[in-house]
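K.L.:
My structure is below; once you've seen it, I'll send some questions.
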Amino acid sequence: MIVSPSILSADFGQLSRDIDMLNRSRAQWIHCDVMDGVFVPNISFGFPVIKAVSKLTDKPLDVHLMIVDPGRYVGAVRDAGASIMNVHFEACTHLHRVVQSIKEAGMKAAVTLNPATPVAMLQDIIGELDIVLLMSVNPGFGGQKFIRHTLEKTRQLRKLIDDNKLSTLIELDGGINAMTGAEAAAAGADVLVAGNAVFASDKPLATIEALVSL
Ligand code: DX5
Ligand code: ZN
Numbered sequence: 015m016i017v018s019p020s021i022l023s024a025d026f027g028q029l030s031r032d033i034d035m036l037n038r039s040r041a042q043w044i045h046c047d048v049m050d051g052v053f054v055p056n057i058s059f060g061f062p063v064i065k066a067v068s069k070l071t072d073k074p075l076d077v078h079l080m081i082v083d084p085g086r087y088v089g090a091v092r093d094a095g096a097s098i099m100n101v102h103f104e105a106c107t108h109l110h111r112v113v114q115s116i117k118e119a120g121m122k123a124a125v126t127l128n129p130a131t132p133v134a135m136l137q138d139i140i141g142e143l144d145i146v147l148l149m150s151v152n153p154g155f156g157g158q159k160f161i162r163h164t165l166e167k168t169r170q171l172r173k174l175i176d177d178n179k180l181s182t183l184i185e186l187d188g189g190i191n192a193m194t195g196a197e198a199a200a201a202g203a204d205v206l207v208a209g210n211a212v213f214a215s216d217k218p219l220a221t222i223e224a225l226v227s228l
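According to the numbering used here, the stretch in the sequence shown is residues 15 to 228, in order.
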């Protein structure tokens, strides 16, 4: 399992200490949650923080943009050091164009679906996507409860990807811990984002290890 710890739950006063912990962990990616206070009811951090994180690690940065019209920021996201640019289906009027420009900029293209958006909305673009992220909470805050219907959506998405003989990765984000992570793995997830489960843990390295082993 690929594990992408979300630094939204890190201690921003000790960010380099927390990134150092991730560097020593078996986590393969680092998840950066950007929120604009418009697309979601919260504001987190932006490009200067992502750039600082990219200087502290060699792990790929998985940048999840919870902002309106994210296509405006493809160059800025790349320049901040992202390897994966994750945009919301609900935030893009011309999703196909945004996906092409992410790939032209040399990043992996990921599209996120909110809990109420059906998997079927991706059937005409799935072949273009490196990753699909299914939100398993409503975006905006860490530490929320896993929405169980996401497991059914994961199975539907697994079928869509397998039926088309694609290698698109399925990423789940929100309320992931050892228990929900195991259910996500059984349903066909390839990547798990975990914020609270990692950073509120007494033993974050062991928590990450347990998720990687799923
Ligand atoms: C929520 C963010 C998530 C969040 C996950 O809007 O997209 O990445 O940090 O946090 P946990 O794992 O605490 O639910
Ligand atoms: Zn996220």
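Think of the CB as a built atom: it goes at the ideal place given N, C-alpha and C, for glycine as much as any other residue.
1) What is the C-beta distance between residue 141 and residue 183, in whole angstroms, given that I count them as a contact (C-beta under 8 Å)?
2) Within the present structure, is the beta-carbon of residue 22 separated from the nearest heavy atom of ligand 1 by less than 8 Å?
3) Could you check what DSSP says for residue 72 in three-state terms: helix, strand or coil?
4) Thinking just about the alpha-carbon of each residue, which of 114, 108 and 185 is nearest to the one in residue 145?
5) Would you check if the stretch 59-79 and the stretch 93-112 touch, i.e. whether three or more CB-CB distances between them fall below 8 Å?
6) In or out: residue 217 buried (at least 16 other Cβ within 10 Å) or exposed?
7) Flag residue 51 as yes when its Cβ comes closer than 8 Å to any non-hydrogen atom of ligand 2, and as no otherwise.
8) So the candidates are 219, 50, 225 and 226; which of them puts its Cα closest to the Cα of residue 38?
9) Looking at residue 153 and ligand 1, is the gap between the Cβ and the nearest heavy atom below 8 Å?
10) What whole-angstrom Cβ distance do residue 116 and residue 88 have, given they're in contact under 8 Å?
11) With residue 24 and residue 34 assumed to form a contact (beta carbons below 8 Å), what rounded beta-carbon distance in angstroms separates them?
12) With distances taken Cα to Cα, identify the nearest neighbour of residue 44 among 29, 30, 70 and 76.
13) Does the count of Cβ pairs from the stretch 192-210 and the stretch 163-175 closer than 8 Å reach three?
14) Could you name the residues of the same chain whose beta carbon sits closer than 6 Å to that of residue 50, not counting the 5 residues immediately before and after it, in chain order?
P.N.:
Reading from the atomic positions:
1) For the purposes of this step, residue 141 is taken as residue 127 along the sequence shown, with counting starting at 1. For the purposes of this step, residue 183 is taken as residue 169 along the sequence shown, with counting starting at 1. That belief does not hold up - the Cβ atoms of residue 141 and residue 183 are roughly 14 Å apart, past 8 Å.
2) On the sequence shown, position 8 is the one that residue 22 refers to. Residue 22 Cβ: within cutoff of ligand 1.
3) Taking the first residue of the sequence shown as 1, we reach residue 72 at position 58. The three-state reading of DSSP puts residue 72 in coil, since its state is none of H, G, I, E or B.
4) For the purposes of this step, residue 145 is taken as residue 131 along the sequence shown, with counting starting at 1. Comparing Cα positions, the closest option is 185.
5) yes
6) Walking along the sequence shown from the start, residue 217 turns up at place 203. Exposed.
7) Residue 51 sits at position 37 when you count from the first residue of the sequence shown. Outside the cutoff, so no.
8) The count along the sequence shown starts at 1 and reaches residue 38 at position 24. Scanning 219, 50, 225 and 226 for the CA closest to the CA of residue 38 turns up 219.
9) The residue given as residue 153 occupies position 139 in the sequence shown. It does: the Cβ of residue 153 is within 8 Å (strictly closer) of some heavy atom of ligand 1.
10) Walking along the sequence shown from the start, residue 116 turns up at place 102. Walking along the sequence shown from the start, residue 88 turns up at place 74. Residue 116 to residue 88, Cβ: 6 Å. Contact.
11) Sequence index remark: in the sequence shown, residue 24 carries index 10 (1-based). Sequence index remark: in the sequence shown, residue 34 carries index 20 (1-based). That belief does not hold up - the Cβ atoms of residue 24 and residue 34 are roughly 11 Å apart, past 8 Å.
12) Translated into the one-based positions of the sequence shown, residue 44 becomes position 30. Nearest neighbour of residue 44 by Cα position, chosen from 29, 30, 70 and 76, turns out to be 76.
13) yes
14) Stepping through the sequence shown from its first residue, residue 50 is reached at position 36. The residues 81, in chain order, have a CB closer than 6 Å to that of residue 50 in the same chain once the five nearest residues on each side in sequence are set aside.
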